[in-house]
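In my numbering, the protein residues as written are 24 to 356.
Just so it is clear, CB atoms sit at the ideal spot from N, CA and C, and this is done for glycine as well.
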């Protein structure tokens, strides 16, 4: 009984020293136990016999045709696909240590993810609401559309003379006057935003006191968005750069911590309005891109009159910068 092999499987090891090897299972005792052998082929006749018996041959085949070396069963087992799995590896100290490290990293990543979402809940809630309304096609009353509506020409007509003063009052039309806000504001109707624009002095930029300049910028961001120092102002030729926060961090002061959280929802051809010195400047979006924080191209002056909006992206990080550019299309007084 010990000289008979009942199952045989053909395997090929790749590489420059390829060998054809065979795994044999033979009865160990009357109760059905088995021994596993690593067998190296030693005869041409055995090789031909294996080919005839196909990949999985069912014996009996005489063991003495082969040079067999016994391998402990606990170190090598055969899977259903014929792939050998080494149990010793899974019980090794290195594997256990690696598994423990992986478990700790996974747990840490999960905790970080929960805290990250909790800290930026306000910003992500706005993004979710905006995207849900788009997918569900929910129409929402947007009172800011009036700011980008074409200005209606004023018709001057003679009033009819009534028989009495009371009748003449009925002929007087209602006043239609657009009242500009007293401060500088940027209005983005497509994302329902009406935000004050804070002007920062260029003095510290000229003196190259960048630390003090950064403090001024962060202070200004508490009250709205910033017309970046050194760039054009509304009404001036060139590039007007406005930057604002996109991430809501509870420890930061101010009401505008995530004012640009949904800036990524702005699309090409959307209108943006700036009120400055009682004038209305209307811009049309023509470019949306993400750039490296080290890219200073968006701050550079241009020959054309454009508006550049900048914020950090993705929300909750400062890994990239979202850049929205719009060109000046009209000015209303």
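Practice task
Check whether the Cβ atoms of residue 216 and residue 210 sit closer than 8 Å, and answer yes or no.
Solution key: Cβ distance < 8 Å, so residue 216 and residue 210 count as in contact.
Exercise for the section: Reducing DSSP to helix, strand and coil, say where residue 292 ends up. Expected result: The three-state reading of DSSP puts residue 292 in coil, since its state is none of H, G, I, E or B.
Practice task
Label residue 298 either buried or exposed according to how many other C-beta atoms from any shown protein chain fall within 10 Å of its C-beta, with 16 as the threshold for buried.
Solution key: It counts as buried.
Exercise for the section: Flag this pair as yes or no: are the beta carbons of residue 333 and residue 266 separated by less than 8 Å? Expected result: Taking 8 Å as the Cβ cut-off, residue 333 and residue 266 qualify as a contacting pair.
Exercise for the section: Let me know if residue 283 comes out buried or exposed under the rule of 16 or more other beta-carbons within 10 Å of its beta-carbon. Expected result: Counting C-beta atoms within 10 angstroms of its own C-beta, residue 283 has 16 or more neighbours from the protein chains shown and is therefore classed as buried.
Exercise for the section: Could you check what DSSP says for residue 220 in three-state terms: helix, strand or coil? Expected result: DSSP, reduced to helix, strand and coil, places residue 220 within a strand of the structure shown.
Problem - For residue 244 and residue 128, the rounded distance between their alpha carbons - result: Rounded to the nearest whole angstrom, the C-alpha separation of residue 128 and residue 244 is 36 Å.
Problem - For residue 238 and residue 268, the rounded distance between their alpha carbons - result: Between the alpha carbons of residue 268 and residue 238 lies a gap of roughly 15 Å.
Exercise for the section: May I ask you to list the residues that DSSP assigns as paired with residue 330? Expected result: 263 and 349.
Exercise for the section: Indicate whether residue 248 and residue 279 have their beta-carbon atoms separated by less than 8 Å. Expected result: Taking 8 Å as the cut-off, the Cβ atoms of residue 248 and residue 279 count as close.
Practice task
With DSSP collapsed to three states, give me the class of residue 125.
Solution key: Residue state for residue 125 is assigned as helix, using DSSP reduced to three classes.
Exercise for the section: Indicate whether residue 343 and residue 300 have their beta-carbon atoms separated by less than 8 Å. Expected result: Contact: no.
Practice task
Could you work out which residue in 307, 126 and 256 is closest to residue 322 when comparing CA atoms only?
Solution key: Nearest C-alpha to residue 322: 256.
Practice task
Would you kindly work out how many angstroms separate the C-alpha atoms of residue 349 and residue 309, rounded to a whole number?
Solution key: Their backbone Cα atoms lie some 5 Å apart in a straight line.
Handout entry: Cβ-Cβ separation, residue 250 to residue 220 (assumed contact under 8 Å), whole Å
Key = Between residue 220 and residue 250 a beta carbon distance of about 5 Å is seen, short of the 8 Å cut, so the two are scored as contacting.
Practice task
To the nearest angstrom, report how far apart residue 291 and residue 137 are at their CA atoms.
Solution key: Approximately 34 Å between the Cα atoms of the pair.
Exercise for the section: My understanding is that residue 338 touches residue 270, with C-beta atoms under 8 Å, so please give their C-beta distance in whole angstroms. Expected result: Contact flag correct, Cβ pair sits at about 6 Å.
Handout entry: residue 303 - containing beta strand (DSSP E), residue span
Key = Start and end: 302-314.
Problem - Three-way DSSP call (helix, strand, coil) for residue 298 in this model - result: Strand, per DSSP.
Handout entry: Start and end residues, alpha helix (DSSP H) containing residue 229
Key = Per DSSP, residue 229 belongs to the alpha helix (DSSP H) from 226-229.
Handout entry: Beta-bridge pairing of residue 278 - partner residues as DSSP gives them
Key = Under DSSP, residue 278 shares a beta bridge with no residue.
Practice task
Spatial neighbours of residue 293 within its chain, please: CB distance less than 7 Å, with the 5 preceding and 5 following residues excluded, ordered by chain position.
Solution key: Cβ within range, chain order: 213 and 308.
Practice task
Please classify residue 317: is it buried, with 16 or more other beta-carbons within 10 angstroms of its beta-carbon, or exposed?
Solution key: It counts as exposed.
Practice task
Return the bridge partner residues of residue 325 from the DSSP annotation.
Solution key: In the DSSP output, where bridge partners are listed per residue, residue 325 has none listed.
Problem - Counterpart residues of residue 355 in DSSP-defined beta bridges - result: Answer by DSSP bridge pairing, in chain order: 303.
Handout entry: Same chain, Cβ closer than 6 Å to residue 119, neighbours up to 5 away in sequence not counted
Key = Correct list: empty, nothing qualifies.
Problem - Rounded C-alpha distance that separates residue 353 from residue 302 - result: When rounded, the separation of the alpha-carbon atoms in residue 353 and residue 302 is 11 Å.
Practice task
Can you tell me which of 351, 124 and 204 puts its alpha carbon nearest to the alpha carbon of residue 258?
Solution key: That would be 351, whose Cα lies nearest to the Cα of residue 258.
Practice task
Let me know if residue 281 comes out buried or exposed under the rule of 16 or more other beta-carbons within 10 Å of its beta-carbon.
Solution key: With 16 or more other Cβ atoms within 10 Å, it is buried.
Practice task
Buried or exposed for residue 345, please, with buried defined as at least 16 other CB atoms from any protein chain shown within 10 angstroms of its CB.
Solution key: In summary, residue 345 is buried, with 16 or more beta-carbon neighbours lying within 10 Å of its beta-carbon over all protein chains present.
Problem - residue 289 beta carbon less than 8 Å from that of residue 311 - result: Yes. Within cutoff.
Handout entry: C-alpha gap between residue 341 and residue 335, whole angstroms
Key = Each residue's Cα considered, the two are about 5 Å apart.
Exercise for the section: Mind checking which residues open and close the alpha helix (DSSP H) that includes residue 240? Expected result: From DSSP, the alpha helix (DSSP H) with residue 240 extends over 233-243.
Exercise for the section: Use the C-beta contact count for residue 236: other C-beta atoms within 10 angstroms, 16 or more gives buried, fewer gives exposed. Expected result: Buried.
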